[in-house]
């Protein structure tokens, strides 16, 4: 659809975490990782990051660093605001605030273009929707979201199990098995996973350096929060 100019020039890519009790750095790690991986699919490799972490609406300090749940290592902050410069020139934003509104309602990625918006989700059906029209130029008539199936916008979904296949990672497992049999890299490879981890570390490093621009390749190969002295 992007190649067919369905939403015009893509101006930015915006992502939000689930913003439940894990909102902030934990949300970035646990759920934002999926979004960051998807962002590189559309935007290409990350080139630089600027970010700020907050704890209860104040900038995070080293005193806020703690061991994160789910084995994710040192984290800090119940709000995160990050901007990435990408290979293809489209800026990417990730935001997460603890207990922000309807929990989980914003979890996903939006491609915002001059002629419309494509909204992508992981655990709802339809998994994607299209809102035609310039998002910065409200019209007199209401606009309706158009579901996007694997067959295209406004078409019935031919895959009966698509929601379960995506949310339960069945598609990823099937691709991994196929990659083994076909002697190829899976669609989401170890290198892709490394890039996502680097993006998360770049968020922490930028904040540790008072919001400085952190460029790739990253010179710090450790968790910056563990090094905060």
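In my numbering, the protein residues as written are 222 to 450. Think of the CB as a built atom: it goes at the ideal place given N, C-alpha and C, for glycine as much as any other residue.
Query: Rounded separation between residue 246 and residue 296 - CA only; Result: 6 Å
Query: Boundaries of the alpha helix (DSSP H) in which residue 423 is found, first to last residue; Result: 411-429
Query: Given 8 Å, three or more beta-carbon pairs between the segment 284-300 and the segment 399-416; Result: no
Query: Residue span of the beta strand (DSSP E) that contains residue 225, given as start and end; Result: It is not in any beta strand (DSSP E) - residue 225 carries neither H nor E in the DSSP assignment.
Query: Residue 331 to residue 404 span [Cα, whole Å]; Result: 33 Å
Query: Check whether residue 343 and residue 236 have beta carbons under 8 Å apart; Result: no
Query: Own chain partners of residue 378 with C-beta closer than 6 Å, once the 5 adjacent residues on each side are dropped; Result: 370
Query: Paired residues, beta bridge with residue 296 - DSSP; Result: 287
Query: Residue 380, buried or exposed, once every other Cβ within 10 Å from all chains shown has been counted against 16; Result: exposed
Query: Closest residue to residue 240 among 372, 251, 449 (Cα-Cα distance); Result: 251
Query: Exposed unless 16 or more other CB atoms sit within 10 angstroms - verdict on residue 333; Result: buried
Query: Start and end residues, beta strand (DSSP E) containing residue 340; Result: 337-341
Query: Counterpart residues of residue 236 in DSSP-defined beta bridges; Result: 315, 330
Query: Where residue 260 falls, given that 16 or more other Cβ within 10 Å makes a residue buried; Result: buried
Query: C-beta contact flag for residue 385 and residue 348 at 8 Å; Result: no
Query: Alpha helix (DSSP H) segment containing residue 399, residue limits; Result: 391-403
Query: Coarse secondary structure for residue 372, derived from DSSP in three states; Result: coil
Query: Close beta carbons around residue 302, own chain, < 7 Å, minus the five adjacent residues each side; Result: 272, 273, 316
Query: Rounded C-alpha distance that separates residue 428 from residue 395; Result: 38 Å
Query: Contacting residues, own chain, Cβ-Cβ under 6 Å from residue 445 (five flanking each side not counted); Result: 425, 426, 429
Query: Best match in 422, 264, 368, 255 for proximity to residue 230 [C-alpha to C-alpha]; Result: 264
Query: Unbroken alpha helix (DSSP H) run spanning residue 268, endpoints; Result: Careful: residue 268 lies outside any alpha helix (DSSP H), inside the beta strand (DSSP E) at 267-276.
Query: Selected residue, minimal CA-CA separation from residue 242, among 319, 310, 432, 434; Result: 319
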